[in-house]
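The structure appears right after this line, and notes come after that.
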Amino acid sequence: MTILSVDGTRRTRAARENGVVFQATLAERVVLSGKGLHSGSDTTVEIHPAPENTGIVFRHGLRTVAGLASNVVDTSRGTTIGFNGFRVLTIEHLMAALHGSGVDNAYVEVHGGETPALDGSAAPYIAAIESVGRVEQEAERHRISITEPICVRRKDSFILAVPASEMRITYVLDYDHPMIGCQTSDYVLSENDFGSKIAPARTFVLYEEVAELLDRELARGGSVENVIVIWNDRMSSPLRFPDELVRHKVMDIVGDLALVGAYLNAEILAVRSGHALNIEFAKEVLRTTGSANCEPLSALGAN
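Okay, so the sequence shown: first residue is -15 according to this note's numbering, each after it adds one.
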């Protein structure tokens, strides 16, 4: 991935040797279009460069909502943010791609109310980002380091985090299903390999869940082109990795935890967590670390 400084030169070696990481934005605009996974509508996102300390801000015309946990309004089979009646559905794959690529600041112009599902993974977003590269900015990257264990739990699902110098995610996927069973993935967040190890993992659904989702007016844009459909004896397409399903869960966590508005230093164990628990954990991180009202990232559309 191309990384340039704002004046076209590299940062000083001394700054890098001291461990300083600077914020970055896109070098230029990228555009992606496709069907929204849940709305089924034709959707387009234009991802624009943004000044340092902007964070990720979604907008349509004059309406804006910041990509922050405080703005999450729904976690039904995806993460939806909203503010003052403006909602954007299913942002987790785009957020994961930006976060996993080291993009701190961007304006995301949304046409259609939902991000495009594309192939059901974050890989097309990564490819778009890599096609233009990043621009390094003057401000240092925002980081949140937890100083004590944090745990959130719902029934038989939980997320536990302990202090660490980077983000490490261990996810345990445990389905009582002959095609899934128990899978584990261990990943250290790095912009060097997120695009190859995690981003290509696609979303999945059990065949017996499809009718219920459609009754709830969800998954109307879903198809075997953007979702792995799982029957008791087969899947709708060959897997990209033997453990693709659990890798997708890691991707969802990266995207959801990007909504803390910073890069999180923590070692995380997640067992059977989904979007609702991921967002609950993100909010608990902000509450515990005193970062919930951190400026300027919460300045636009913070509830």
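All residues carry an ideal CB built from backbone N, CA and C; glycine is no exception.
Because the structure is a prediction, the values reported are computed rather than measured.
Taking all protein chains shown into account, decide if V15 is buried (16 or more other Cβ within 10 angstroms of its Cβ) or exposed.
exposed
Is it true that the stretch 103 to 115 meets the stretch 76 to 85, where meeting means three or more beta-carbon pairs spaced less than 8 Å apart?
yes
Top-ranked residue by Cα proximity to G62, from V244, I214, V189:
V189
Can you tell me the Cβ-Cβ gap for H95 and T28, rounded? I've got them flagged as a contact below 8 Å.
4 Å
What is the DSSP secondary structure of S115, counted as helix, strand or coil?
helix
Determine the contact status of V49 and I65, defining contact as a CB-CB distance below 7 Å.
yes
Give me whichever residues DSSP pairs with T168 in a beta bridge.
V156
Assigned exposure category for D140 - 16 Cβ within 10 Å defines buried
exposed
Cutoff 6 Å; reference H44; Cβ partners in own chain excluding five residues on either side:
V94
Do you know how far the Cα of S149 is from the Cα of G3?
12 Å
Taking the straight line between their C-alpha atoms, what separation do you get for R137 and C166?
19 Å
Identify which residue in M151, T38, P184 has its Cα closest to the Cα of L253.
M151
Can you tell me which of L10, L241, W215 puts its alpha carbon nearest to the alpha carbon of D160?
W215
So who's on the other strand from F6, going by DSSP bridges?
E124
May I ask you to report which of helix, strand or coil DSSP gives F265?
helix
Would you identify the three-state DSSP class for K139, choosing helix, strand or coil?
coil
Three-state class that DSSP yields for V194 in the structure shown
helix
Looking only at C-alpha atoms, which of R204, V146, N210, C135 sits nearest to S257?
C135
Would you call A123 buried or exposed, if buried means 16 or more other Cβ atoms sit within 10 Å of its Cβ?
exposed
Using 8 Å as the Cβ pair cut-off and three pairs as the minimum, do the stretch 11 to 26 and the stretch 198 to 208 touch?
yes
State the DSSP-derived secondary structure class of F70, mapped to helix, strand or coil.
strand
Check the DSSP bridge columns for L248 and list the partner residues they point to.
I128
Looking at the structure shown, is F225 part of a helix, part of a strand, or coil, going by DSSP?
coil
Can you tell me whether S221 is buried or exposed, with buried defined as 16 or more other CB within 10 angstroms of its CB?
exposed
Extent of the continuous beta strand (DSSP E) run through S180:
Premise fails: S180 lies in the alpha helix (DSSP H), 178 to 181, not in any beta strand (DSSP E).
May I ask you to report which of helix, strand or coil DSSP gives H44?
strand
Is I75 helix, strand or coil when you go by DSSP?
coil
CA-CA distance, E268 and Y155?
19 Å
Out of Q7, L198, A34, which one is the CA nearest neighbour of R13?
A34
Would you kindly check if the distance between the Cβ of V234 and the Cβ of S169 is under 7 Å?
yes
Report all residues from its chain with a CB closer than 6 Å to the CB of M219; omit the five preceding and five following residues, and keep chain order.
I212
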